[in-house]
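Enquirer: Its first residue numbered 3, the sequence shown is counted upward by one per residue in our numbering. My structure is below; once you've seen it, I'll send some questions.
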Amino acid sequence: MINDIRNIKTLAGNKYKNLKKPIFFLTIDAIFYMMNYAMFYFTIIDLMNNNFTMKKLIIYTFIMIFAIICRFILNRIGYTGIQSEGAKIIQDLRIRMGDHLRNLNLGYFNSHNIGNIINIMTNDLQDFEQVITHSTSEIIKLSILTTYLLLIIFAISPLLAILQLIISLTGLIFVILGTKKGAKIALKKKHTMDNVVSRMVEYIAGMELFKAYNLTGEKFKRLKDSFNDLKRESINTEIALAPYVMIFQLITDISFALLLLVSTQLFMASSINKVEFFSYIIIGLSLSNVLKAFSTQYTFIQYLKLATDKLINVHNKKEISYELEKVTLPNYNIKFQNVSFSYEKDTPVLKNITFEAKQGTKTALVGSSGSGKTTVTSLIARFWDCQSGEITIGGINIQKIYPEELLTNISMIFQDVYLVNDTFENNIRLGKPKAAREEVINAAKNANCHDFIMESENGYDTIIGEGGSTLSGGEKQRISIARALLKDTPIILVDEATASLDADNEYEIRKSLNILTKNKTVITIAHKLNTIKDYDKIIVMSDGIIEEIGNHKQLMENKGRYYKMYTEMEKAQSEFELI
């Protein structure tokens, strides 16, 4: 329990203290709620003693009305306050979790499916909000009521109170054991839900493919199987939890019947009087209902605690480390010194590679698929950290630089362009959020995308659709280049964007890239060797090592792997032209 409170404090952050005021009001509300029982108790005493008068009726009624009005005010302040503060906490937590995820190593995202991450940021956060805004206050209220009713029973008969406490604790043990067992099964349900979300994302994103191969509906077996798994785990969770809660409620009902028998014996033995006897019947029945509600709420909060545990697990993941939050790079020379890296243990992707890309020069990475080209650019952007060796920019180890500060110096143009469901202007402005509209338009013109933007329905204010669904591949690439032009960084990383485009689009993008990369430090993953003939340096990679390095002329004279790749490309082009 202490650990759970600590986790809630950690996730709520500085706003946790803001919950104290509404919880205080809700606690006072619970105390005023108990005044109804007190007035009822005094009424019974007076009726049994033939001492009930109109004056007392008016007093008791006035006190109850006063308590109800106070409860209305307290409940409104407390409930509104806890809902408001809960919403603020969740809003703040969403932002903090988003920032935290952004600062995690990409290894986290490779080891967790997208459904798990989506569920954490949506369903688990919503469950955590339930813990803050509903379950916590409800448990406090029920705990106060239980304590109060037990004290009344103790005042009536210590024996009845002790027996009631023993029976209640026995029943509670069943609930605790049940929730511990049920939590393991409920966790499996949450993992299954992660899988369902992943399959749904996969299904929606690949709808065009699934339709083409007639895999929609039940024919998409992966999605159907995930739904069946979720149904099974949902049933298993209910089956696991329900018996223990039902046993507790059964024990509570039986205990009331047995204690009614005991209280009757005490009454007949004159150990308690008739006022105390009838008071116990009413108070005992009320306690029975409160305990049932407590067991249900306790079970529910234990299920919600799984969400808190998942959130705290992500929250405690180590972010990418750094020493320098602000840094002024003396130059933009990029240097790899004996760098080795692997995504998975014992499976090296880069093996002790060393090279340098001087400021203002163009360097191309070539090689077969899986040779390590993309990994090199990912390490420069510090999406990953190398396991050994050193990568420096301007002589400073990039592992010492704050990742966001590092990325202010880098623009990336990759084949898979990320566009948001927003306007052309806002998509380009991602490169420089505070840019003026004129800057956006100039960048678009230099990227050769101004014309097709202006031909759209609302020009720069046209919504382009999720992932740029309304644009062609070439148009997406040009928007990406406009974004990089607007950002105007000294280092450009390019995964050759023209590899799969038609001639017209390739020509337009080549012009845009020439403007973008002028006088910049450029690292390009090249797929077409004839586009890098004028590059200052070409690095030929194979199976994670550098096999050759030099410019086009030098490598052709060496007649090594690059020479073979280039001559095969020329031969293939010649044969294609003859067809």
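For every residue, glycine included, the Cβ atom is placed at its ideal position computed from N, Cα and C. Just so you know, these numbers come straight off a predicted model, no measurement behind them.
Starting from Met195, trace the alpha helix (DSSP H) both ways and give me its first and last residue.
Expert: 160-207
Enquirer: Name the DSSP beta bridge partners of Gly552, please?
Expert: Ile540
Enquirer: Quick check on this structure: which residue in Asp196, Pro492, Leu313, Ala359 has the alpha carbon closest to the alpha carbon of Leu588?
Expert: Outside the shown range of the chain (3 to 581) lies residue 588, about which nothing can therefore be said.
Enquirer: Would you list the residues sitting across from Gln339 in a DSSP beta bridge?
Expert: Glu392
Enquirer: Based on the DSSP secondary-structure assignment, which residues constitute the bridge partners of Phe64?
Expert: Bridge partners of Phe64: none, in fact.
Enquirer: Is the number of C-beta pairs between the segment 484-501 and the segment 428-446 that are closer than 8 angstroms three or more?
Expert: yes
Enquirer: Return the CA-CA distance between Glu572 and Asp536, expressed in angstroms with no decimal places.
Expert: 17 angstroms
Enquirer: I think Ser380 touches Ile494, with their Cβ atoms under 8 angstroms apart; what is that distance to the nearest whole Å?
Expert: Going by Cβ atoms, the distance from Ser380 to Ile494 rounds to 15 angstroms, so no, they are not a contact pair.
Enquirer: Closest to Glu427 by CA distance: which of Ser471, Ile415, Arg485 is it?
Expert: Arg485
Enquirer: When you compare the CB positions of Gln299 and Leu144, do they come within less than 8 angstroms of one another, or not?
Expert: yes
Enquirer: Going by beta carbon distance, what residues of the same chain come within less than 8 angstroms of Ala14, once the five residues before and after it are set aside?
Expert: Counting only Cβ-Cβ distances below 8 angstroms, and skipping sequence neighbours, we find Leu21, Ile91, Leu95, Ile134.
Enquirer: Is Ile175 buried or exposed, if buried means 16 or more other CB atoms sit within 10 Å of its CB?
Expert: exposed
Enquirer: Just verifying my parser: in three-state terms, what is the DSSP assignment at Asp497?
Expert: strand
Enquirer: From the DSSP output, which residues share a beta bridge with Pro350?
Expert: In DSSP, Pro350 forms a bridge with Ser344.
Enquirer: Is it true that the CB of Leu367 sits closer than 8 angstroms to the CB of Ile541?
Expert: For Ile541 and Leu367, yes; Cβs fall inside 8 angstroms.
Enquirer: Do you know how far the Cα of Ser482 is from the Cα of Ala359?
Expert: If you draw a straight line from the Cα of Ala359 to the Cα of Ser482, it is about 24 angstroms long.
Enquirer: Measure the alpha-carbon distance for Leu161 versus Leu313 and round it to whole angstroms.
Expert: 45 angstroms
Enquirer: Under 7 angstroms Cβ to Cβ from Lys319, same chain only, skipping five residues before and after it: list those, please.
Expert: Result list for Lys319: Leu106, Tyr110, in chain order.
Enquirer: In angstroms, rounded to a whole number, what distance separates the CA positions of Met209 and Glu549?
Expert: 42 angstroms
Enquirer: For a test of the three-state rule: what should DSSP assign to Ser413, helix, strand or coil?
Expert: The answer is strand: DSSP assigns Ser413 an E or B state.
Enquirer: Looking at Phe258: is its Cβ nearer than 8 angstroms to the Cβ of Leu287?
Expert: yes
Enquirer: Distance, Cα to Cα, Ile393 vs Gln479?
Expert: Distance between the alpha carbons of Ile393 and Gln479 is about 29 angstroms.
Enquirer: I'd like to know if the segment 393-412 and the segment 559-571 are in contact, where contact means that at least 3 CB-CB pairs between them fall below 8 angstroms.
Expert: Because the criterion of three Cβ pairs below 8 angstroms is not met, the segment 393-412 and the segment 559-571 do not touch.
Enquirer: Among Glu510, Asp418, Asn423, Tyr420, which one has its Cα closest to the Cα of Asp453?
Expert: Asp453 has its Cα closest to that of Glu510, out of Glu510, Asp418, Asn423, Tyr420.
Enquirer: Tell me, please, whether the segment 27-41 touches the segment 57-70 by the rule of three or more beta-carbon pairs shorter than 8 angstroms.
Expert: yes
Enquirer: Less than 8 angstroms between the C-beta atoms of Glu235 and Thr194, yes or no?
Expert: With contacts defined by Cβ atoms closer than 8 angstroms, Glu235 and Thr194 form a contacting pair.
Enquirer: Please confirm whether Asn423 and Ile455 have their CB atoms less than 8 angstroms apart.
Expert: no
Enquirer: Between Ile65 and Ile169, is the Cβ-Cβ spacing less than 8 angstroms?
Expert: no
Enquirer: Which residues in the same chain have their Cβ closer than 7 angstroms to the Cβ of Leu432, if we skip the five residues on either side of it in sequence?
Expert: Arg485
Enquirer: In whole angstroms, what separates the C-alpha of Ile61 from that of Ile25?
Expert: Straight across, the Cα-Cα distance linking Ile61 with Ile25 is about 30 angstroms.
Enquirer: In chain order, what residues of the same chain have a beta carbon less than 7 angstroms from the beta carbon of Ala89, not counting five sequence neighbours either side?
Expert: none
Enquirer: Between which residues of its own chain and Ala207 is the CB-CB distance below 8 angstroms, once the five residues before and five after are set aside?
Expert: none
Enquirer: CA-CA distance, Ser281 and Leu151?
Expert: 11 angstroms
Enquirer: Can you grab the Cα-Cα spacing for the pair Ile547 / Lys337, in whole Å?
Expert: 15 angstroms
Enquirer: Determine, using beta-carbon pairs with one atom in the segment 239-256 and one in the segment 179-193, whether at least three such pairs fall under 8 angstroms.
Expert: yes
Enquirer: Terminal residues of the continuous alpha helix (DSSP H) containing Ile314?
Expert: Ile314 -> alpha helix (DSSP H) spans 276-317.
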